[in-house]
Amino acid sequence: MTKRTVTLTDNQTGQSVELDVLEPTCGTSTIDISPLYKELGYFTYDPGFVSTASTWSKITYLDGDEGRLEYRGYPIEQLAENSTFLEVCYLILHGELPTEKEFEEYQRLITKHTIPHDQLTKFYSGFRRDAHPMAIMVGVVGALSAFYHDDVDIFNPEHRIISANLLVSKIPTIAAWAYRYTTGKPFMYPQNNLSYAENFLYMMFAMPSENYKPDPLMAKALDLIMILHADHEQNASTSTVRLTGSSEANSFAAVSAGIAALWGPAHGGANEAVINMLREIVDSGQPLEHFVERAKDKDDSFRLMGFGHRVYKNFDPRAKLIRGACHDLLNSGKINQTHQELLDIAMRLEKIALEDEYFKSRNLYPNVDFYSGIIFLAMGIPTNMFTVMFALSRTIGWISQWNEMMSDSKVRIGRPRQLYIGDTTRDYVSIDQRK
Ligand code: SDX
């Protein structure tokens, strides 16, 4: 089959360059612009990477128009229905669903490494008790490189899998301890007889003085939420992990950088921002329409958090699946009055926004963060821990994308260029000459 190309011509000089079109297994054809600067002397300009593919990948495919999301080719709906988060972790990292034997070995490996080096517990006491748990996550996960860095040669495939397993094992413990530290509760240690989701709930809510049994419905809802958040192609935090890893920094430093990027309310911090927004609406006593109008006002920085997505120009398939889990919890009577009020407001806001021309014309639909916060609240997880929950789930995506990048022998340090619009060359003026 002849290779497809596109030709770019400079109308001023008449010079042209022929660029290869790279065909995906599914999705959008991509023009390889790497020869552009050398052949035609131009950079391309695409702030926010709206039309730019930064890499190849085999991990996650999403189609924003069709609202499709697949991990290693498996539709998210089928994984949500039939799989567990830990099995999805194996799939995302290794590329195939595990056999029974492979899964047993993986479960044993992950369970065996859930307790971090004991010295790591000392890091928490360096933080103020009112530190945001995401600040603790950035610090403690970055500190892992001081404990396991020597065992991990980033160019050794086995070592890369070791660091991936270490992170998947330890991240729930590190996350739960961030909550325990900021609430003055003693650290609870993982229990090897519990599932991944049950173990996290145990480390979050058990007390040494009582018997605690994780609620199966909550554990199931948490497992679903983690599956839905596990990976999402080249979003801001994953791109940060890749860029950090491309300098040959170690995996723990790269994931710590990803956690920092996720923290922003435009990205993973949106689930916390959604609940704060719903609370602001309830406390204001103003009608919902007032807030929808504010979100449309360019002079008002207010945005409807949990709405809109860079890629999904239709319903976020994860929002659909989480919405269902929200209602299951609602009907189970597990959502107490305060949360029910927030959920009612969320549903009314969703209805108004979906009927509003401004939102419809901009394809602004509820995204995954719109509902996840309500489920976290129902679980008794405080708002400032919501983005930590996102980081807990996305760690497998980050480390698998990092592993994929490091497995490519042609990987180079990421170093974008720029459109310089600053001052042209000028001479130094001594301070006594300056006006
Ligand atoms: C996540 O990338 C990923 O995959 C992310 C994620 C993942 O799994 O990793 O899916 C997780 O980050 C989900 C998104 C969570 N963020 C929020 O819910 C914050 C609120 N949403 C917006 O900040 C915004 O929609 C973004 C950041 C999500 C997307 O920003 P874009 O693609 O840069 O879109 P834009 O800002 O250019 O908006 C296009 C138009 C603008 O209006 P016009 O200039 O065309 O007149 O839509 C408007 C925006 O003003 N708009 C909104 C809006 N989001 C966009 N108006 C009101 N409320 C909003 N939420």
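Under the working numbering, residues 336 to 770 are what the sequence shown spells out, in order. Glycine included, every Cβ here is placed at the ideal spot set by N, Cα and C. As the structure is a computational prediction, the values presented were derived from the model and not from experiment.
If you check the C-beta of residue 607 against the ligand SDX, you find no heavy atom less than 8 Å away. For residue 590, the Cβ stays outside the 8 Å cut-off from all heavy atoms of the ligand SDX. In the displayed model, residue 642 falls within a strand according to three-state DSSP. Judged by DSSP in its simplified three-state form, residue 503 adopts helix.
When DSSP states are grouped into helix, strand and coil, residue 348 belongs to the coil group. Considered as a whole, the stretch 695-732 harbours 703-713 as its complete alpha helix (DSSP H) runs of no fewer than 4 residues, in chain order. With a contact defined as Cβ atoms closer than 8 Å, residue 547 and residue 512 miss out at about 16 Å. If the five residues before and after residue 357 are omitted, its C-beta is found closer than 6 Å to the C-beta atoms of 365, 367, all from its own chain and listed in chain order.
Taking the CA atoms as reference points, residue 695 sits about 45 Å from residue 541. Across the structure, residue 432 and residue 423 are spaced so that their CA atoms are roughly 8 Å apart. Taking the Cβ of residue 645 as the reference point, at least one heavy atom of the ligand SDX falls within a distance shorter than 8 Å. Exposed is the label assigned to residue 754, since fewer than 16 other Cβ atoms lie within 10 Å of its Cβ. At least one heavy atom of the ligand SDX lies closer than 8 Å to the C-beta of residue 601. Selection 721, 729, 768 evaluated against residue 467 yields 721 as nearest (Cα-Cα).
Take the alpha-carbon of residue 681 and the one of residue 617: they are about 11 Å apart.
For residue 699, the Cβ falls inside the 8 Å cut-off from some heavy atom of the ligand SDX.
Given a length threshold of 4 residues, each whole run of the alpha helix (DSSP H) inside the stretch 504-580 is given here in chain order: 531-540, 551-564, 571-580. Membership of residue 397 in any alpha helix (DSSP H) is not indicated; the residue belongs instead to the beta strand (DSSP E) covering 395-398.
The Cβ atoms of residue 429 and residue 504 do not sit closer than 9 Å to each other. In the DSSP assignment, residue 358 falls outside any alpha helix (DSSP H) and carries neither an H nor an E.
Between the beta-carbon of residue 402 and that of residue 650 there is about 5 Å, and that keeps the pair under the 8 Å contact cut. Between the alpha carbons of residue 700 and residue 686 lies a gap of roughly 10 Å. The beta carbon of residue 629 is closer than 6 Å to those of 635, 637 in its chain, skipping five residues each way along the sequence. Per DSSP, the beta bridge partners of residue 403 are 398. Beta-bridge annotation (DSSP): residue 366 is paired with 356.
Rounded to whole angstroms, the gap between the alpha carbons of residue 510 and residue 494 is 24 Å. Membership of residue 475 in the alpha helix (DSSP H) is indicated by the continuous run 468-478.
A contact is defined here as three or more CB-CB pairs under 8 Å, and the stretch 741-755 meets this definition with respect to the stretch 570-589. Per DSSP, reduced to three states, the secondary structure at residue 451 is coil, with no helix or strand assignment.
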